[in-house]
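K.L.:
There are 2 protein chains.
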Amino acid sequence: MSPDLDALFMDRTVALSREHMQAGHGGPFGAVVVMDGQVVAEGWNQVTSTNDPTAHAEVVAIRRACTALGRFDLRGATLYSSCEPCPMCLAAALWARVDRIVYGNTRQDAAAIGFDDAPFYAEMSRAPAITMAQMEHRPSAAAASVFGEWAAKPDKVAY
Amino acid sequence: MSPDLDALFMDRTVALSREHMQAGHGGPFGAVVVMDGQVVAEGWNQVTSTNDPTAHAEVVAIRRACTALGRFDLRGATLYSSCEPCPMCLAAALWARVDRIVYGNTRQDAAAIGFDDAPFYAEMSRAPAITMAQMEHRPSAAAASVFGEWAAKPDKVAY
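So the sequence lines, in the order shown, correspond to chains A and B.
The number in my numbering is simply the position in the first sequence, starting from 1, with 47 added.
The number in my numbering is simply the position in the second sequence, starting from 1, with 47 added.
(1) Tell me the start and end of each unbroken alpha helix (DSSP H) in the stretch 73–144 of chain B that is at least 4 residues and wholly inside, in chain order.
(2) Beta carbon of N92(A), beta carbon of F119(B): below 7 Å?
(3) In the DSSP assignment, find the unbroken alpha helix (DSSP H) run with V193(B) in it and report its ends.
(4) Within the continuous alpha helix (DSSP H) that includes R154(A), where are the two ends?
(5) Give a yes or no on whether the minimum CB-CB distance between A165(A) and chain B is below 7 Å.
(6) Taking contact to mean at least 3 C-beta pairs separated by less than 8 Å, is the stretch 105–121 of chain A in contact with the stretch 157–165 of chain A?
(7) For R154(A), count the other beta carbons within 10 Å of its own beta carbon; 16 or more makes it buried, fewer makes it exposed. Which is it?
(8) Answer yes if the stretch 73–85 of chain B comes into contact with the stretch 120–140 of chain B, meaning at least three C-beta pairs across the two stretches below 8 Å, and no otherwise.
(9) For chain A, find out if any of its Cβ atoms is closer than 7 Å to the Cβ of T101(B); answer yes or no.
(10) DSSP on R185(A), reduced to helix/strand/coil?
(11) Taking the alpha-carbon of A189(A) as reference, which of P201(B), E196(B), L52(B), D58(B) has the nearest alpha-carbon?
(12) Can you tell me which of R173(B), A191(B), G151(B), A157(B) puts its alpha carbon nearest to the alpha carbon of H184(A)?
(13) Are the beta-carbon atoms belonging to P75(B) and F76(A) less than 7 Å from one another?
(14) So, does the CB of Q155(A) fall closer than 7 Å to a CB anywhere in chain B?
(15) Around the Cβ of A107(B), are there at least 16 other Cβ atoms within 10 angstroms (buried) or fewer (exposed)?
(16) Which word fits G73(A), buried or exposed, when buried means at least 16 other C-beta atoms lie within 10 angstroms of its C-beta?
(17) Would you identify the three-state DSSP class for V149(B), choosing helix, strand or coil?
(18) Would E208(B) and L63(B) qualify as a contact pair, given that the criterion is a beta-carbon distance under 7 Å?
(19) Which residues in chain A have a C-beta closer than 9 Å to the C-beta of D39(B)? List them in chain order.
(20) Can you tell me which of the three DSSP states A70(B) falls into?
(21) Does DSSP put A205(A) in a helix, a strand or coil?
(22) Under a three-way DSSP split, which group does T60(B) fall into?
(23) Compare the Cα-Cα distances from G161(A) to each of V204(B), A140(B), M182(B), V86(B) and report the closest residue.
(24) Once DSSP output is grouped into helix, strand and coil, what is the label at F162(A)?
(25) Is A190(A) close to chain B? Criterion is C-beta to C-beta, closer than 7 Å.
(26) So, is the C-beta of T95(A) closer than 7 Å to a C-beta in chain B?
(27) Can you find a C-beta in chain B that's less than 7 Å from the C-beta of G151(A)?
(28) Once you ignore the five residues that flank A139(A) on each side, which residues in its own chain have a CB closer than 7 Å to its CB?
(29) Applying a beta-carbon distance threshold of less than 7 Å, which residues of chain B neighbour F119(A)?
(30) Looking only at its chain, what residues have a beta carbon closer than 7 Å to the beta carbon of C133(A), apart from the 5 residues adjacent to it on each side?
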């Protein structure tokens, strides 16, 4: 993708972040999913306006892009985000199998205005011994059995 | 919470994981959000049936719990999951501010049946120098300006 297109799509993500912050929809974050040089979906933070802690700009854009394309993966896509994705959004992008992620502000910039992306990244390295929630492993023969049933399921749709 | 209640809620998450796997809704994963000893919401993996790569059991349960409670945080809640949350789901739980996470199968168990939780955890430690997608930082004065506007916004709803 040419640098000019990157600049164009980044301008759009930043415009979304400002517009929806000003409208009171949530935090100052925008995202755009692009495939073959075309915008497939746009997203913006809607956590506080929809009471959904997972409604970060990138998650919203990824969900909308998959709906638009009618499939659960985004191979070949670029995810533009006005800020470095938090661990939730980065893992969502990896599950969606995007090829490329381009972002403007960093997790440190997010920390400076009160967002927890940076400590959450630290928690990821500590997991399952995380400190921001009590985390308990209860080994379960029944849960293990279900995994065995999945492995043996002849008609499963892998993802 | 008493061990007996933990066992009861874990049994329910495992039952959900089996039931919805068998129904073809997605992977073998279930989750339950409990507040004050009561089930607030249940979730199960729906990635392949809804074309939503973010529709993991825990994300679905968290979203439903927030909808049920009419707020964007789950302080005081326990999240039960049939499997150790992947980085997306763990960060979603942290953003939701759950108090406690209890799980059965581990990320290694998930790896053994073909799921990418373990390598995605490795990516989290490497980010932003991740290897499973091309990640590019494009510093943006405009994006930085929006963050400044958020910091100065008098009527923002923090989360």
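Heads up, the beta-carbon is just placed ideally off N, CA and C, and yes, glycines get one too.
P.N.:
So, to answer that:
(1) Here the runs fully enclosed are 94–97, 104–116, 134–142.
(2) Against a cut-off of 7 Å, the Cβ pair of F119(B) and N92(A) comes out as no contact.
(3) V193(B) -> alpha helix (DSSP H) spans 188–199.
(4) Per DSSP, R154(A) belongs to the alpha helix (DSSP H) from 154–159.
(5) Residue-level contact check: A165(A) does not touch chain B, since none of the beta carbons of chain B fall below 7 Å from its beta carbon.
(6) Put simply, the stretch 105–121 of chain A does not touch the stretch 157–165 of chain A. Fewer than three CB pairs are less than 8 Å apart.
(7) Burial call: buried.
(8) Counting Cβ pairs under 8 Å, three or more are found: they touch.
(9) Contact of T101(B) with chain A is assigned, a C-beta pair being separated by under 7 Å.
(10) In the displayed model, R185(A) falls within coil according to three-state DSSP, outside both helix and strand.
(11) The residue with the shortest Cα to Cα distance from A189(A) is D58(B).
(12) Ranking R173(B), A191(B), G151(B), A157(B) by Cα distance to H184(A) puts G151(B) first.
(13) Between P75(B) and F76(A), the CB-CB gap reaches or exceeds 7 Å.
(14) With 7 Å as the cut-off, Q155(A) does not count as an interface residue toward chain B.
(15) Before going further, note that residue 107(B) is Val rather than Ala in the sequence given. V107(B) should be labelled buried.
(16) The residue is buried, with at least 16 neighbouring Cβ atoms inside 10 Å.
(17) Note: V149(B) maps to strand in three-state DSSP.
(18) No answer is possible for residue 208(B): the residues shown for chain B start at 48 and end at 206.
(19) Given that chain B is displayed from residue 48 to residue 206, the structure contains no residue 39(B) and the question cannot be resolved.
(20) Three-state result, A70(B): coil.
(21) Judged by DSSP in its simplified three-state form, A205(A) adopts coil rather than helix or strand.
(22) DSSP, reduced to helix, strand and coil, places T60(B) within a helical segment of the structure shown.
(23) Of the candidates V204(B), A140(B), M182(B), V86(B), the one whose C-alpha sits nearest the C-alpha of G161(A) is V204(B).
(24) The answer is coil: DSSP assigns F162(A) none of H, G, I, E or B.
(25) Yes, A190(A) lies at the interface with chain B (some Cβ there is under 7 Å from its Cβ).
(26) Judged by the 7 Å Cβ criterion, T95(A) is in contact with chain B.
(27) Yes, G151(A) lies at the interface with chain B (some Cβ there is under 7 Å from its Cβ).
(28) Setting aside the 5 residues that flank it on each side, A139(A) is surrounded in the same chain by E105, V106, I109, each with a C-beta closer than 7 Å to its C-beta; the list follows chain order.
(29) The answer, in chain order, is V94, T95, N98, D99, P100.
(30) A distance below 7 Å between beta-carbons, with the five flanking residues on each side excluded, links C133(A) to the following residues of its chain, in chain order: H103, D164, F167.
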